[in-house]
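A.B. asks: Structure provided below as structure tokens; questions to follow.
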Ligand SMILES: [Zn+2]
Ligand SMILES: [Zn+2]
């Protein structure tokens, strides 16, 4: 029994950490959906205290000692994977001083809170000093994390969300994209020029909510294990067993809420489908944020903009909104390519441009080539060059549009494009193995599609590394060619 | 500086505890209002872990050491009061083993969760073993707390909610009540026999919600510092700065939701009015649960069923519900005395009977004279004797109706009747000092009424003991004669 005891002790300690992370997830969700403004300060302080406590648990000397000895114990492959994830979390935590973790939580809570109002008022001057403070802290964090892992500072940030990712890899992927994407965008726009434009029907929030709940049910969301709410920025939160997704409503554009809901439903089903027997252990977590986004984008792009699901969506839309949209009209809405200022409203063809811009900004901020003061000008120039749009003076739809920087989450954005690429790769692999998404759904077998994801992705938790997971599911590591092929097939 | 250091260190430690109690309040609120069933187990475990952690913070040796030395430091009267409250909390925590605290949290979370369904299904057989397990733990808790404070076990439970209260005191108060209350109930019923009975108008949930929000605004609820939601059992939760009250809706009885909302608004304004400069410290808390209930009952009974506010309520009801209720009809509804099975729906005259029954049950359960198995029979007999009603076979409206026992909160019920008595005493005192509630509100000076409460009760936090607080506000300690006088004046 002695030989198992270190690993067993680690499982206990990480279970305790999991319980406090549960409270962290709840506090974050509530702050975005329910909390009145007056609660902000006390919540920020409580969350900072909680972050400090979780940090203390992960950096406890006893945990390091058990980790040092557990590797010598006879463990199953799955237990070894759990140990690998434990070690990763412990190293990430140990690298950072607790004071920095606490300070960052409190600072970003305040910055995000202020940003909500500042963004609405297009108040760049008010936001700027707050963002400067956040960026200064994140640069410190990146520096420390990088030194601990012998990584460049920005690589260390990328690794927080997708372990193993490097700027070299992203540069290669985006470098390739930059070669073929601009001409593809032009070709698609030329092809779609003849498409008639028709305004979306007006839809009350109540109608939209009923529609969204219906579509979530169609997509297998388990309402005994989750809920849908409203927030100014859609997200998926909560914990497995209680997954909480949000959307936001625009009475003149029901598709925004519907498709953000479908996106978050993809995240949610991943969480709801994580391996029950590993719940509460690091190996039971989702693999990474790129894989997480691959699941949401699989739902939003691969499934929900395809031809197979089209009649099912059409019928539900017409039913709940009391309108008479044709299949063709809907298809045009769902696949129209049109450069815009807002990332979250972008179509899947122009979306990577938004990511490439943010990636360049983040690298520049972290490596010191760019300051927060430079941001608006840099942003405007990049949007002009990438999508031919000016954002001058329009901060709210320019460099103030995303929640990621106010909350200090630099290094996350590339996960979206990696996710889109993984999603295309999974889709291609599924097609080879059991048939295309469109064909399966048209044949009434939507559950076969999600079962494939359950078997190949969700049930694996973090038991495999990203590369192991993707190879097991598709036979190869990340291959952006599938994404290119997907766009060409669907849009040309 | 050395002389101040122990007290200062204590303030830091209690601030940390306050942050974790913030998360506890959030978890409790969410569990009752938002959480899907699937989240129950993980939440229960996380809350038990949190309770254990708070217990560990309160029982830390360093905290005891600072407490031992702080008394020798030169402290202001307010700081001494804060120290008194710290010491009380520390003693209460230290008496109980952490394992018991954790086990009780987890057990009562599960029991409450199951009870929600069992109550609906009138499933006494399913509920009984769960309640037996909770009562066994609470008996252990009472035993340990009693020994630590040299109190009888049930006195120790009373002290959790109202420090200083004893069975001897409650027995005296209730003994007196039993003498005059039954004949008063009969007299009032005889007087009201001639009142016409008229059904309440049907009201949608949306109409009721708008009405409730309007009345909350009238009563000074600050929506920047709180919110109103729905739960199966109305309560007031959250934290000062973010006070969350709930109600439940019945389309055939809008008064249930309205008056539970008014009740909880009283709790909420107390929390919102606590001294800002003491926020996060024990002296900044509400005084006790009896004083808390005195504020909710002041709002619900003293203010909202009086003649002064009647036209203001009438106008808002007719506006939001689109009906034409007369002042007299409304007054009859608000003051009709009618024995019923459900405590929370009881009028203020028969309400004490419900409390006396529960008080006898709790004493019996804790002192071992009564078992859980005896409950239905005891309940039926007591209801027959007190109010002339049988509850045989109707467990859901009998001994399964309250949330207090599933969650292990024995010792709380007397706070309601003490609160009603304090409310009447405050009302009488206010009348002497600035005029009667009804006269002030009729003169458009509702804010003078709440300002009196702000000055005399809310702003004092826990800086005074209950007796000190009540003497400062009214010139005497608890005097039930005011309650008797109030009922006679209003109902005879
Ligand atoms: Zn996403
Ligand atoms: Zn109350």
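Residue numbers (the UniProt record's numbering), protein chains in the order written: chain U, 1 to 492; chain F, 1 to 492. Glycine residues also receive a C-beta, built at the ideal position from the N, C-alpha and C atoms.
(1) Secondary structure at residue 40(F), three-state DSSP: helix, strand or coil?
(2) Just mark residue 48(U) as buried or exposed, buried being the case when its beta carbon has 16 or more other beta carbons within 10 Å.
(3) Quick one: grab the DSSP three-state call for residue 485(U).
(4) Do we get a CB-CB distance below 7 Å when we pair residue 39(F) with the residues of chain U?
(5) By Cβ distance, which residues of its chain are closer than 8 Å to residue 274(F), with the 5 residues on each side in sequence left out?
(6) With 16 other CB atoms within 10 Å as the buried threshold, where does residue 406(F) fall?
(7) Does residue 25(U) get closer than 7 Å to chain F when you measure Cβ to Cβ?
(8) Please state whether DSSP places residue 227(U) in a helix, a strand or coil.
(9) In whole angstroms, what separates the C-alpha of residue 482(U) from that of residue 132(U)?
(10) Please tell me whether residue 327(F) and residue 415(F) are closer than 7 Å, where the distance is taken between their beta carbons.
(11) Under the criterion of a Cβ to heavy atom distance below 6 Å, does residue 417(U) qualify as lining ligand 2?
(12) Terminal residues of the continuous alpha helix (DSSP H) containing residue 236(F)?
(13) Apart from the five residues on each side of it in sequence, which residues of its chain come closer than 8 Å, Cβ to Cβ, to residue 2(F)?
(14) Against residue 36(U), what residues of chain F qualify as contacts under a CB-to-CB distance less than 8 Å, listed in chain order?
(15) Return the first residue and the last residue of the alpha helix (DSSP H) that residue 214(F) is part of.
(16) Specify which residues have a beta carbon nearer than 6 Å to any heavy atom of ligand 2, listing them in chain order.
(17) For residue 43(U), count neighbouring Cβ atoms within 10 angstroms of its own Cβ and tell me buried if that reaches 16, exposed if not.
(18) Flag this pair as yes or no: are the beta carbons of residue 408(U) and residue 138(U) separated by less than 7 Å?
(19) Verify whether the separation of the beta carbon atoms of residue 358(U) and residue 298(U) is less than 7 Å.
(20) Check whether the stretch 220–237 of chain F touches the stretch 331–340 of chain F, counting contact only when three or more Cβ pairs, one atom from each stretch, lie closer than 8 Å.
(21) Looking at C-alpha atoms only, which residue of 219(F), 245(F), 199(F) and 492(F) is the closest neighbour of residue 252(F)?
(22) If we ignore side chains and look at the alpha-carbon of each, how far apart do residue 356(F) and residue 176(F) end up?
(23) Check the Cβ of residue 19(F) against every Cβ in chain U and list those closer than 7 Å, keeping chain order.
(24) Tell me whether residue 197(U) is buried or exposed, calling it buried when 16 or more other Cβ atoms sit within 10 Å of its Cβ.
(25) Nearest by alpha-carbon distance to residue 230(U): which of 213(U), 480(U) and 158(U) is it?
(26) Give the residues of chain U in contact with residue 16(F), contact being defined as C-beta atoms less than 7 Å apart.
(27) Between residue 141(U) and residue 282(U), what straight-line distance do the alpha-carbon atoms span, to the nearest angstrom?
(28) Would you kindly report the start and end of the unbroken beta strand (DSSP E) that includes residue 135(F)?
(29) So is residue 13(F) buried or exposed if we call it buried at 16+ other beta carbons inside 10 Å?
(30) Considering only their Cβ atoms, is the gap separating residue 154(U) from residue 366(U) smaller than 7 Å?
(31) Tell me, please, whether the stretch 416–431 of chain U touches the stretch 466–483 of chain U by the rule of three or more beta-carbon pairs shorter than 8 Å.
(32) How would you label residue 174(U), buried or exposed, when you count the other beta carbons within 10 angstroms and need 16 or more for buried?
(33) Around the Cβ of residue 278(F), are there at least 16 other Cβ atoms within 10 angstroms (buried) or fewer (exposed)?
(34) So, residue 59(F) versus residue 246(F), is the Cβ gap smaller than 7 Å?
C.D. replies: In this structure, then:
(1) On the second chain, position 40 is the one that residue 40(F) refers to. Looking at residue 40(F) - three-state DSSP - the assignment turns out to be helix.
(2) Walking along the first chain from the start, residue 48(U) turns up at place 48. Classification for residue 48(U): buried.
(3) Locating residue 485(U) in the first chain gives position 485, where the first residue counts as 1. Looking at residue 485(U) - three-state DSSP - the assignment turns out to be helix.
(4) Residue mapping note: residue 39(F) aligns to position 39 of the second chain, counting from 1. It does: the Cβ of residue 39(F) has a partner Cβ on chain U nearer than 7 Å.
(5) For the purposes of this step, residue 274(F) is identified with residue 274 of the second chain, where counting begins at 1. For residue 274(F), where only same-chain residues beyond five positions count, the Cβ hits under 8 Å are 240, 284, 285, 286, 458, 459 and 461.
(6) On the second chain, position 406 is the one that residue 406(F) refers to. Per the 10 Å Cβ criterion, buried.
(7) On the first chain, residue 25(U) is found 25 positions in, with the first residue counted as 1. No, residue 25(U) does not count as interfacial toward chain F.
(8) Position 227 of the first chain, counted from the first residue, corresponds to residue 227(U). Residue 227(U): strand per DSSP, three-state reduction.
(9) As a working note, residue 482(U) is residue 482 in the first chain. As a working note, residue 132(U) is residue 132 in the first chain. So the two alpha carbons sit approximately 39 Å from each other.
(10) Taking the second chain and counting its residues from 1, the one referred to as residue 327(F) is at position 327. Taking the second chain and counting its residues from 1, the one referred to as residue 415(F) is at position 415. No, they are not a contact pair.
(11) Locating residue 417(U) in the first chain gives position 417, counting from the first residue. Checking every heavy atom of ligand 2 against the Cβ of residue 417(U), none is found closer than 6 Å.
(12) Taking the second chain and counting its residues from 1, one reaches residue 236(F) at position 236. Careful: residue 236(F) lies outside any alpha helix (DSSP H), inside the beta strand (DSSP E) at 236–239.
(13) Working through the second chain from its first residue, we reach residue 2(F) at position 2. Confidence at residue 2(F) is low in this model, with a pLDDT of 49, below 50, so its placement is unreliable and no value can be given for it.
(14) To locate residue 36(U), count along the first chain from 1; it is residue 36. Going along chain F in sequence order, the residues near residue 36(U) (Cβ under 8 Å) are 223, 224, 225, 226, 227 and 242.
(15) As a first step, residue 214(F) must be located in the second chain, where it is residue number 214. Start and end: 205–218.
(16) 263(F), 267(F), 293(F) and 296(F)
(17) Against the first chain, residue 43(U) aligns to sequence position 43. Answer is buried; the Cβ neighbour count reaches 16.
(18) Within the first chain, numbered from 1, the residue matching residue 408(U) stands at position 408. Within the first chain, numbered from 1, the residue matching residue 138(U) stands at position 138. Yes.
(19) As a first step, residue 358(U) is located in the first chain; it is residue number 358 there, counting from the start. As a first step, residue 298(U) is located in the first chain; it is residue number 298 there, counting from the start. Result no, Cβ atoms of residue 358(U) and residue 298(U) do not sit closer than 7 Å.
(20) no
(21) Along the second chain, read from residue 1 onward, the residue named residue 252(F) stands at position 252. It is 199(F) whose Cα lies nearest to the Cα of residue 252(F).
(22) If you number the second chain from 1, residue 356(F) lands on position 356. If you number the second chain from 1, residue 176(F) lands on position 176. Cα to Cα, residue 356(F) sits roughly 12 Å from residue 176(F).
(23) As a working note, residue 19(F) is residue 19 in the second chain. The contacting residues are 45, 46 and 49.
(24) Counting from 1 along the first chain, the entry for residue 197(U) is found at position 197. Counting Cβ neighbours within 10 Å, residue 197(U) comes out exposed, since fewer than 16 surround it.
(25) Counted from its first residue, the first chain places residue 230(U) at position 230. It is 213(U) whose Cα lies nearest to the Cα of residue 230(U).
(26) Residue mapping note: residue 16(F) aligns to position 16 of the second chain, counting from 1. Per Cβ cutoff of 7 Å: 49.
(27) As a first step, residue 141(U) is located in the first chain; it is residue number 141 there, counting from the start. As a first step, residue 282(U) is located in the first chain; it is residue number 282 there, counting from the start. Rounded to whole angstroms, residue 141(U) to residue 282(U) spans 23 Å at the Cα level.
(28) On the second chain, position 135 is the one that residue 135(F) refers to. From DSSP, residue 135(F) is part of no beta strand (DSSP E) but of the alpha helix (DSSP H) over 124–149.
(29) Reading the second chain from its first residue, position 13 is the one you call residue 13(F). Counting Cβ neighbours within 10 Å, residue 13(F) comes out buried, since at least 16 surround it.
(30) The residue you call residue 366(U) lines up with position 366 of the first chain. The residue you call residue 154(U) lines up with position 154 of the first chain. Cβ distance < 7 Å, so residue 366(U) and residue 154(U) count as in contact.
(31) yes
(32) Mapped onto the first chain, residue 174(U) falls at position 174. Label assigned to residue 174(U): buried.
(33) Residue numbering aside, residue 278(F) sits at position 278 when the second chain is read from its first letter. Buried.
(34) Taking the second chain and counting its residues from 1, the one referred to as residue 59(F) is at position 59. Taking the second chain and counting its residues from 1, the one referred to as residue 246(F) is at position 246. Not a contact, by the Cβ cut-off of 7 Å.
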